[in-house]
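Working notes, structure below.
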Amino acid sequence: DIYRGRMRGMDVCLKVLRLFSHGETRRRGDIRKEFCREALVWRNLQHPNVLRFIGVNEDFFYPSFCLISPWMKNGDILSFLRQNPRHNRMQCIREVANGLHYLHSHDPPVVHADIRGANILVTGDFHCCLADFGLAQAVMTRRTESCDSKSGTVRWLAPELLQLDAPSHWHYMPSRDIYAFGCTVVEIFTGRVPFSDIIQEMSVALAVLHHDRRPTRP
1 DIYRGRMRGM
11 DVCLKVLRLF
21 SHGETRRRGD
31 IRKEFCREAL
41 VWRNLQHPNV
51 LRFIGVNEDF
61 FYPSFCLISP
71 WMKNGDILSF
81 LRQNPRHNRM
91 QCIREVANGL
101 HYLHSHDPPV
111 VHADIRGANI
121 LVTGDFHCCL
131 ADFGLAQAVM
141 TRRTESCDSK
151 SGTVRWLAPE
161 LLQLDAPSHW
171 HYMPSRDIYA
181 FGCTVVEIFT
191 GRVPFSDIIQ
201 EMSVALAVLH
211 HDRRPTRP
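In the UniProt record's numbering, the protein residues as written are 1 to 218.
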């Protein structure tokens, strides 16, 4: 859930991560530690193509967490391009690549873990910045129920990560972002998600694993 708010005279985005049921609150302490550790990494990032992170609030929407970042009135890159079809798409791709290079240049590398068009926001002066880091992933991968870190992002996920026996650390390697970046380039040029001809996420996974399908080049 996304809300718009005001903080110190500035419009901000409040993103609520509704990842808890009543029975899970006993694990909230452990999850909170890991979540806040990841949040500190994001907060220390400073780059024109990386969305500034303001902080985390755990009281407004208890027991869920709330991420606070600047409000981007131009929305995500796909919505922006639909409204501004003549915008320089190569510039968009370069800016996303610059932001990704910055993340991966850290020691150890910072892995975004969810690169896709919906997570690339457009600033007031029409530049792209990476948003929605793997903070939600830090919570979701520690749930013991059926929630899966791949849920909802199968179309951007590298084929080796779709394998059931894929080691967990593979999901946090920079190569994951590189494959997703390639899929995002397809999105930016076509305005459609990868494998847009396939409706079901599970069908996408099967097509990739068993039929060696890859996103169609624009």
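All C-beta atoms in this analysis are idealised placements derived from N, C-alpha and C, irrespective of residue type, glycine included.
These figures come from a predicted structure and were not determined experimentally.
Using 8 Å as the Cβ pair cut-off and three pairs as the minimum, do the stretch 122–136 and the stretch 94–109 touch? The answer is yes - the stretch 94–109 touches the stretch 122–136, with three or more Cβ pairs under 8 Å.
Quick check: what's the CA-CA separation for L157 versus E95? One alpha carbon belongs to L157, the other to E95, and they sit about 21 Å apart.
Kindly identify the DSSP beta-bridge partner or partners of L11. Note that residue 11 corresponds to Asp in the displayed sequence, not to Leu. According to DSSP, D11 bridges with R6.
When burial is assigned at 16 or more other CB atoms within 10 Å of the CB, is T216 buried or exposed? It is exposed - the Cβ of T216 has fewer than 16 other Cβ atoms within 10 Å.
Less than 8 Å between the beta carbons of E187 and G117, yes or no? Against a cut-off of 8 Å, the Cβ pair of G117 and E187 comes out as a contact.
Just to confirm, is the Cβ distance from L121 to G191 under 8 Å? The answer is no: Cβ separation not under 8 Å.
Out of curiosity, what's the CA-to-CA distance linking L85 and F53? First, the residue type needs correcting, since residue 85 is Pro and not Leu in the sequence shown. Near 29 Å, if we compare the C-alpha coordinates of F53 and P85.
If we call anything under 8 Å between Cβ atoms a contact, is H171 one with L161? In contact: H171 and L161 (Cβ atoms closer than 8 Å).
Cross-strand partners of I120 (DSSP beta bridge): L130, per the DSSP bridge assignment.
Please classify A138: is it buried, with 16 or more other beta-carbons within 10 angstroms of its beta-carbon, or exposed? Residue placement at A138 cannot be trusted, given a pLDDT of 48 that sits under 50; what the coordinates show is reported in the next sentence. Buried, because 16 or more other Cβ atoms sit within 10 Å of the Cβ of A138.
I need the boundaries of the alpha helix (DSSP H) containing F61, first residue and last residue. No alpha helix (DSSP H) holds F61; DSSP gives it neither H nor E.
Relative to the alpha-carbon of residue 224, which residue among S69, C36, F61, P159 has its alpha-carbon at the smallest distance? Here the chain covers residues 1 to 218 and nothing more, so residue 224 does not appear.
Going by DSSP in three states, T141 sits in which element: helix, strand or coil? Residue placement at T141 cannot be trusted, given a pLDDT of 47 that sits under 50; what the coordinates show is reported in the next sentence. In the structure shown, the three-state DSSP call for T141 is coil.
What residue does the alpha helix (DSSP H) around G182 start on, and which one ends it? Annotation for G182: the continuous alpha helix (DSSP H) segment containing it runs 174–190.
Which same chain residues, not among the five before or five after R6, have their C-beta less than 8 Å away from its C-beta? Excluding residues within five positions, the ones whose Cβ falls inside 8 Å are V12.
Counted within 10 angstroms of its Cβ, other Cβ atoms place A195 as buried (16 or more) or exposed: First, the amino acid is wrong: residue 195 is Phe here, not Ala. Under this definition F195 is a buried residue.
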